[in-house]
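**Q** Okay, handing you the structure first.
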Amino acid sequence: MSEMYKYVLLIYVVLNFVSFAFFAADKKKAINNEWRIPEATLIFVSVLGIFGGILGMKLMHHKTKKPKFYIGLPAIFVIELAALIYALINYDLLKSSE
């Protein structure tokens, strides 16, 4: 794996942890009746780290009754997966650089 791909993977993992942390923080704020993280921010960080967003939503039981989350986050996942497959097919990203 080239050095660039390692950095991209590391950044993606960090973004997923950040996304998860945003959901955890908002759930804690909801329980404590504190100022909340805007839903638009939660969706934005989920676009950047969809696995962390979905995991945070499921494990924290947070935003699970809101359609923009229980429909929106899986839709974002499908779109990101389709984009990744398209990129892999059309740009030969699976081939090692020679």
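Positions 17 to 114 (the working numbering) are the ones given, in order, by the sequence shown. In this text, a Cβ means the ideal position worked out from N, Cα and C, and glycines have one as well. Since the model is a prediction, treat every value here as computed from it, not as a measurement.
(1) Could you tell me whether the Cβ atoms of residue 55 and residue 85 are closer together than 9 angstroms?
(2) Relative to the alpha-carbon of residue 79, which residue among 30, 42, 27 and 101 has its alpha-carbon at the smallest distance?
(3) Where are the beta strand (DSSP E) runs, 3 residues long or more, that stay fully inside the stretch 61-95, in chain order?
(4) Determine whether the beta carbon atoms of residue 61 and residue 34 lie at a separation below 9 angstroms.
(5) Which term fits residue 47, buried or exposed, when burial requires 16 or more other beta carbons within 10 angstroms of its beta carbon?
(6) Alpha carbon to alpha carbon, how far is residue 57 from residue 70? Give it in angstroms, no decimals.
(7) Decide if residue 32 is buried, meaning its Cβ has at least 16 other Cβ atoms within 10 Å, or exposed.
(8) Could you have a look at residue 55 and say whether DSSP puts it in helix, strand or coil?
(9) Exposed or buried, what is residue 89 when buried is set at 16 or more other beta-carbons lying within 10 Å of its beta-carbon?
**A** A quick look at the data gives this:
(1) Result yes, Cβ atoms of residue 55 and residue 85 sit closer than 9 angstroms.
(2) The option with the nearest alpha carbon to residue 79 is 42.
(3) Segments of the beta strand (DSSP E) lying fully in the stretch 61-95: there are none.
(4) Taking C-beta atoms as the reference points, residue 61 and residue 34 count as a pair closer than 9 angstroms.
(5) Counting Cβ neighbours within 10 Å, residue 47 comes out exposed, since fewer than 16 surround it.
(6) Spanning the two alpha carbons is a distance of roughly 14 angstroms.
(7) Buried.
(8) The DSSP-derived three-state label of residue 55 is helix.
(9) Sixteen is the threshold: when 16 or more other Cβ atoms of the shown chains lie within 10 Å of the Cβ of residue 89, as they do, the residue is buried.
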